[in-house]
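**Q** Numbering (this note's numbering), first residue to last: 39 to 207.
#1: Could you tell me the boundaries of the alpha helix (DSSP H) in which residue 205 lies?
#2: Rounded to a whole number of angstroms, what is the C-alpha to C-alpha distance between residue 196 and residue 156?
#3: Considering only residues of the same chain and omitting the five flanking positions on each side of residue 64, which have a CB-CB separation below 7 Å?
#4: How close, in whole Å, do the beta carbons of residue 142 and residue 78 come, if the pair is a contact with beta carbons under 8 Å?
#5: Considering Cα atoms alone, identify which of 162, 53, 108, 123 is closest to residue 149.
#6: Is the beta carbon of residue 161 closer than 7 Å to that of residue 179?
#7: Taking C-beta to C-beta, are residue 116 and residue 81 nearer than 7 Å?
#8: What does a CB cutoff of less than 6 Å around residue 205 pick up in its chain, not counting 5 residues either side in sequence?
#9: Do residue 200 and residue 114 come within 7 Å of each other at the CB atom, strictly closer than that value?
#10: Drop a sphere of 10 angstroms on the beta-carbon of residue 52, count the other beta-carbons inside from all chains shown, and report buried for 16 or more, exposed for fewer.
#11: Measure the C-alpha to C-alpha separation of residue 140 and residue 181 and round it to an integer number of angstroms.
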């Protein structure tokens with residue numbers, strides 16, 4: 039926290055940033071210069087989440103990804119987003135916004151595609167099958183696990199983040 043205050047102080051005094059913010063935050067170059075990318079924000083409702091796969095597939099096709107890879111990647115994103123939506127409906131959080139938002143980012147790298155799904159709320163790992171298996175079907179998550187090369191869940195500062203990596207076919 040002290041470094042951030044010093045950074046802001048120096049920026050005000052010298053009327054310019056002492057370092058680029060990405061160097062100050064020690065971000066890796068592959069994170070900073072990652073492209074192309076699509077960023078979608080939808081409310082946490084079935085109607086909006088179901089249409090996400092069309093946007094993702096269209097974006098990946100425009101990037102030159104094969105139709106099979108773009109379809110599989112879009113399907114993984116939609117299935118996990120629907121699962122997260124179902125969980126938040128089954129376990130509403132007190133004092134949360136009525137229309138919680140899912141942020142979905144898709145990165146098209148040379149050898150793989152990565153999908154990041156972020157949502158605010160109580161910690162929820164969609165890969166934990168015991169949590170909601172009685173409330174709703176986890177078939178979409180199982181399908182995504184079979185198709186994706188890697189699915190990683192993290193919870194940082196009350197934000198659930200699911201990363202799905204799919205290799206290009």
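Quick reminder that beta carbons are idealized off the backbone N, C-alpha and C, glycines included.
**A** Quick look at the numbers:
#1: Per DSSP, residue 205 belongs to no alpha helix (DSSP H); it is in the beta strand (DSSP E), 197-205.
#2: 10 Å
#3: Reliability fails at residue 64, whose pLDDT of 48 lies under 50, so the model's placement of it is uncertain and the value that follows must be treated cautiously. Hits under 7 Å: none found.
#4: 5 Å
#5: Ranked by Cα distance from residue 149, the first of 162, 53, 108, 123 is 108.
#6: no
#7: no
#8: 150, 187
#9: Against a cut-off of 7 Å, the Cβ pair of residue 200 and residue 114 comes out as no contact.
#10: exposed
#11: Approximately 20 Å, taken between the alpha carbons.
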